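Per the numbering used here, the very first residue in the sequence shown carries number 13; after that it's consecutive.
The block underneath contains the structure these notes are about, expressed in structure tokens.
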Amino acid sequence: MGHILVTGFEPFGGERLNPAAEIAMSHDGAAIRPRGGLPSRAAVKVRACVLPVTWAGAVKTLIAEVGRTPGLGAVVMLGQAGGYPAFGLERVAINAANGRDNSGQELVEAPVLAGGPPAYFSTLPLQAILASLESEGLPAFISNSAGTYLCNFAFYALMHHLATAWPSPAPPAAGFIHVPYLPEQAIGKKPIPPSLARGEMERAVRVALEVVAGAR
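Right under this line is the structure:
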């Protein structure tokens, strides 16, 4: 495994920041030591990018980044889930899209891909990530719904691309993790939603990346 691609999203819904983008970019260029692997295993480099919150632009940017990442071994997508009390390790992406993006385009009960499979499952080691996060005292759970907004849309599109367009050998592992609000995002909201400190988010994502790096 040469590189792990980590993605986040730009702010949306009136927020001035998106923790997924902040945490993704904080790992750009990092060297990740595989967790649970042999001490001699080489560190894996991280490339990070921020995706636009538009139906047209998110997938175009994502697939371009996948194509230009050398030695791609895994893709870990991050997204904001306001109201989540913990890290949501998403199990499945479904072929459905709803909502208005940052450009004003609205989709209502639209497919991500007309004629595509109903769903794709994450290929990240979710149980191992969950166990490692819990062992570090970091709250997490496995989620069975990534919603139908841009997070699910990009997740589904990525998994379809890897399943249908990736040259042999096997495609890289890929999946999606939802993160809570940062504390500064919770201020002024009624009722006050759950949030998690930036340092804890960064630590949790690093743990997840260590597990992913050690799984291949």
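Don't be surprised by glycine CBs; every beta carbon is placed ideally from N, CA and C.
As the structure is a computational prediction, the values presented were derived from the model and not from experiment.
Beta-carbon proximity list for residue i, same chain, < 6 angstroms, skipping 5 on both sides
| i | result |
| --- | --- |
| Pro192 | Tyr96, Pro206, Ser207, Leu208 |
| Val217 | Ile35 |
| Gly187 | Ser134, Leu136 |
| Pro183 | Leu174 |
| Leu231 | Here the chain has residues from 13 to 228 only, and residue 231 is not among them. |
| Gly18 | Note on residue identity: the sequence assigns Val, not Gly, to residue 18. Cβ neighbours of Val18 beyond the five flanking positions: Ala36, His39, Val58, Ala60, Val88. |
| Lys72 | none |
| Ser115 | Thr66 |
| Gln117 | Trp67 |
Residues that residue i bridges to, as DSSP identifies them
| i | result |
| --- | --- |
| Val78 | Answer is none; Val78 lacks a bridge partner. |
| Tyr193 | Ser207 |
| Ser155 | Glu102 |
| Ile199 | None; Ile199 has no bridge partner. |
| Leu17 | Arg59, Val87 |
| Leu119 | Gly111 |
| Ala185 | Ala86 |
| Ile141 | None; Ile141 has no bridge partner. |
| Phe133 | Val104 |
| Ala43 | Lys57 |
Close-in-space but distant-in-sequence residues of the same chain around residue i (CB under 7 angstroms, 5 per side omitted)
| i | result |
| --- | --- |
| Glu222 | Ile44, Arg45, Pro46, Arg47 |
| Ile16 | Ile44, Val56, Val58, Gly85, Ala86, Val88, Leu221, Val224, Ala225 |
| Ser144 | Arg47, Val219, Val223 |
| Arg112 | Glu118 |
Beta-carbon gap between residue i and residue j smaller than 8 angstroms
| i | j | result |
| --- | --- | --- |
| Leu101 | Leu138 | yes |
| Leu142 | Trp67 | no |
| Pro129 | Asn164 | no |
| Gln240 | Asn156 | Nothing can be reported for residue 240, as the shown portion of the chain is limited to 13 through 228. |
| Pro82 | Glu22 | no |
| Phe99 | Leu150 | yes |
| Ala140 | Ala227 | yes |
| Leu90 | Ala32 | yes |
| Leu194 | Arg215 | no |
Inter-residue CB distance, residue i and residue j (contact presumed, cutoff 8 angstroms)
| i | j | result |
| --- | --- | --- |
| Val78 | Gly20 | The Cβ separation is near 15 angstroms, so there is no contact. |
| Ala105 | Phe167 | 4 angstroms |
| Ala109 | Ala122 | 5 angstroms |
| Ala198 | Ile204 | 5 angstroms |
Continuous alpha helix (DSSP H) assignments of at least 4 residues falling wholly in the region 66-113:
67-80
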